[in-house]
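From first to last, the protein sequence lines are chains X and E.
All residue numbers for the first sequence refer to my numbering, where the first residue is 702 and numbers rise by one.
All residue numbers for the second sequence refer to my numbering, where the first residue is 6 and numbers rise by one.
Glycine included, C-beta positions come from ideal geometry on N, C-alpha and C.
If you're wondering where the values come from, they're calculated on a predicted model, not measured in any experiment.
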Amino acid sequence: MQIIVKTAGDDFASRMAQMFENVIHQGHGSLVLVFLIGVIFGGIIQYTRVDKFEKIAGFAMLKDTIVPKMLFLTVGLTSIGFYFLVEAGGAHYHIKPIIWQGLIVGGIFFGTSMAIFGKCPGTGPVSIAEGRIDVLVGAIGGLLGGLVFTLYYDDFFKVLMGKSAGKLILPSFFPGHEHMVVLIFGVVVSIIAFIIPKKEMFDEADLCKLPEDQRPDRQS
Amino acid sequence: MNRLPWWMGGILMSGLLLMTFSVFGADRPIGASTYVPFFAGLVFDLDPEKYSYLKEIKHAGAWEGVMLLGSLFGGFIVSVFLTKTFRLSLVPTGWKKYKNNSVLSRLFWSFVAGFFMIIGARLAGGCTSGHFMSGMSQMAISSMIFGTVVMISLVVTGRLFYNTKED
Numbered sequence: 702m703q704i705i706v707k708t709a710g711d712d713f714a715s716r717m718a719q720m721f722e723n724v725i726h727q728g729h730g731s732l733v734l735v736f737l738i739g740v741i742f743g744g745i746i747q748y749t750r751v752d753k754f755e756k757i758a759g760f761a762m763l764k765d766t767i768v769p770k771m772l773f774l775t776v777g778l779t780s781i782g783f784y785f786l787v788e789a790g791g792a793h794y795h796i797k798p799i800i801w802q803g804l805i806v807g808g809i810f811f812g813t814s815m816a817i818f819g820k821c822p823g824t825g826p827v828s829i830a831e832g833r834i835d836v837l838v839g840a841i842g843g844l845l846g847g848l849v850f851t852l853y854y855d856d857f858f859k860v861l862m863g864k865s866a867g868k869l870i871l872p873s874f875f876p877g878h879e880h881m882v883v884l885i886f887g888v889v890v891s892i893i894a895f896i897i898p899k900k901e902m903f904d905e906a907d908l909c910k911l912p913e914d915q916r917p918d919r920q921s
Numbered sequence: 006m007n008r009l010p011w012w013m014g015g016i017l018m019s020g021l022l023l024m025t026f027s028v029f030g031a032d033r034p035i036g037a038s039t040y041v042p043f044f045a046g047l048v049f050d051l052d053p054e055k056y057s058y059l060k061e062i063k064h065a066g067a068w069e070g071v072m073l074l075g076s077l078f079g080g081f082i083v084s085v086f087l088t089k090t091f092r093l094s095l096v097p098t099g100w101k102k103y104k105n106n107s108v109l110s111r112l113f114w115s116f117v118a119g120f121f122m123i124i125g126a127r128l129a130g131g132c133t134s135g136h137f138m139s140g141m142s143q144m145a146i147s148s149m150i151f152g153t154v155v156m157i158s159l160v161v162t163g164r165l166f167y168n169t170k171e172d
């Protein structure tokens, strides 16, 4: 039997095939590795339950602090690891530009929506995978948002974003003390993760299938 | 174990980010919002040659698209076998407690918030993954600006949108 994969057409199936083909050739890891990065990413998010409405919107209501604790620890540890990885020639910087208007207007849109939706673009798919239909509806909204952004990019959104003020990193403000800045930043951010008081909003519907002795809300 | 503690999640996520950053991994940051306009192009059958934005995100969108398929798979497997949370649901418990019991209200607000969330992420050039996690780990000033604005608007909206005094 011969399997023929069409990658030249412009129907949905061939464009999906083109997506895989693109990843194979763009040199940012093999197709299997990229898929695996996604599996681990989704797995960690699901296993720690940070995709839950009660965790993200709960943080917006200041009734749950698991999301900021985990985020800060991730950033603190990664910043030190990343810096030394770069020094050793094992990684490169991929800095996003400072586009003031885009960052501020985009940040306000993003933060407001995140509080109402209780998801972000990375945690949303994980929630869809556990059967949340409301999140699927939100994803359709997101897809339309992506469509509108693409259609009016040149005429409207690019203008709204404004000019780039360059790409800057914190250590470049302290020439000669880069190592020190990185260490202080990493350690301070990690300590913040532990200092933030631990608060959790539990969801009975989410925990009722677990055996009594394994429920996180029964352990103090 | 049915749940991972937050510090374990932080350590594992950090390991994943470093692996992805390294030249032995993918030599790029993790991002999770560029795939949305990329898929919008696919679903609504837009010609990638005609739209400058689709040209710009051609590679990043494809990379994140494959990663997204992985995270759907990973999330599904873990929810069925480890956390045992897989079930079809419409309204989250927290929404019922602090907002209302209406399915229609939840679906409406999800749709609207999903729409503006993607516009916001693309305006800023990243989301929680691309800016907050990957960007701040590189100590990028742009990501710190974004992170601060998001944190403030998140908490302000949380206070205004929900009835948090009812317990």
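- Distance between Phe43 (chain E) and Phe760 (chain X), taken at the CA atoms: about 30 Å.
- Listed in chain order, the beta strand (DSSP E) elements of length 3 or more contained wholly in the region 111 to 147 of chain E amount to none.
- Around Asn7 (chain E), the beta-carbon contacts reaching into chain X at under 7 Å are Leu911, Gln915.
- Put simply, the CB of Ser110 (chain E) is far from chain X, with every gap to its CB atoms at 8 Å or more.
- Scanning its chain for C-beta atoms nearer than 6 Å, with the 5 sequence neighbours on each side dropped, one finds around Val85 (chain E) the residues Phe91, in chain order.
- With distances taken between CA atoms, Gly46 (chain E) lies nearest to X:Leu844 out of X:Leu844, X:Ala792, X:Ser873, X:Thr766.
- Taken in chain order, the members of the region 824 to 836 of chain X whose beta-carbon sits within less than 9 Å of a beta-carbon on chain E are Thr824, Gly825, Pro826, Val827, Ser828, Ile829, Ala830, Glu831, Gly832, Arg833, Ile834, Asp835, Val836.
- For Met18 (chain E), the enclosing alpha helix (DSSP H) starts and ends at 11 to 26.
- Below the 8 Å Cβ cutoff, chain X contributes Lys910, Leu911 as neighbours of Lys89 (chain E), in chain order.
- Under the Cβ distance rule, Phe44 (chain E) counts among the residues neighbouring chain X, one pair being separated by less than 8 Å.
- Sequence-distant Cβ neighbours of Gly140 (chain E) in its own chain, meaning closer than 7 Å and more than five residues away, are Gly131, Ser147, Ser148.
- When the five nearest sequence neighbours on each side are left out, the beta carbons in the same chain lying within less than 8 Å of the beta carbon of Gly163 (chain E) are those of Thr169, in order along the chain.
- DSSP places Ala789 (chain X) outside both helix and strand once states are collapsed to three, so it counts as coil.
- Residue environment: Gln143 (chain E) is assigned as buried (16 or more neighbouring CB atoms within 10 Å of its CB, all protein chains considered).
- Residues of the region 100 to 127 of chain E with a Cβ closer than 7 Å to any Cβ of chain X, in chain order: Trp100, Tyr103, Arg111, Leu112, Trp114, Ser115, Phe116, Val117, Ala118, Gly119, Phe120, Phe121, Met122, Ile123, Ile124, Gly125, Ala126, Arg127.
- DSSP places Arg164 (chain E) in the helix class (H, G or I) of the three-state scheme.
- Annotation for Thr98 (chain E): the continuous alpha helix (DSSP H) segment containing it runs 98 to 103.
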